[in-house]
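Working notes for the structure below.
Numbering (the UniProt record's numbering), first residue to last: 1 to 82.
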């Protein structure tokens with residue numbers, strides 16, 4: 001059974017940080033976070049409840065800059081309700 005939550009985040013950083021830098025920080029400093037590249041096929045395969053259910057990993061994807069300013073970005077995650 002699928003028992004996952006999906007979340008969309010709007011994040012305001014203290015300064016402008018590039019998306020590759022954010023991806024590197026997430027990958028290097030959180031063993032439970034898995035950065036999913038902004039590629040449609042990979043996103044459809046790895047950033048879904050079916051891919052995450054039963055695991056402790058939280059994929060983080062769809063990282064994008066927002067038009068609200070250079071310090072704003074969006075992200076999407078899926079996590080199991082373990």
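All residues carry an ideal CB built from backbone N, CA and C; glycine is no exception.
Residue 63 burial status per 10 Å Cβ neighbour count (16 or more: buried): As a first step, residue 63 is located in the chain shown; it is residue number 63 there, counting from the start. The residue is buried, with at least 16 neighbouring Cβ atoms inside 10 Å.
Reference residue 75; option with closest CA among 30, 38, 44 and 15:
The count along the chain shown starts at 1 and reaches residue 75 at position 75. Taking only the C-alpha atoms, the option nearest residue 75 is 38.
Name the two residues that bound the continuous alpha helix (DSSP H) containing residue 62. Numbered from 1 along the chain shown, position 62 holds the residue referred to as residue 62. Here residue 62 belongs to no alpha helix (DSSP H); instead the beta strand (DSSP E) covers 58-65.
By Cβ distance, which residues of its chain are closer than 7 Å to residue 12, with the 5 residues on each side in sequence left out? Counting from one through the chain shown, the residue named residue 12 turns up at place 12. Excluding positions up to five away in sequence, the list reads 71 and 72.
**Q.** beta strand (DSSP E) segment containing residue 78, residue limits
**A.** Counting from one through the chain shown, the residue named residue 78 turns up at place 78. Counting along the chain, the beta strand (DSSP E) containing residue 78 begins and ends at 72-80.
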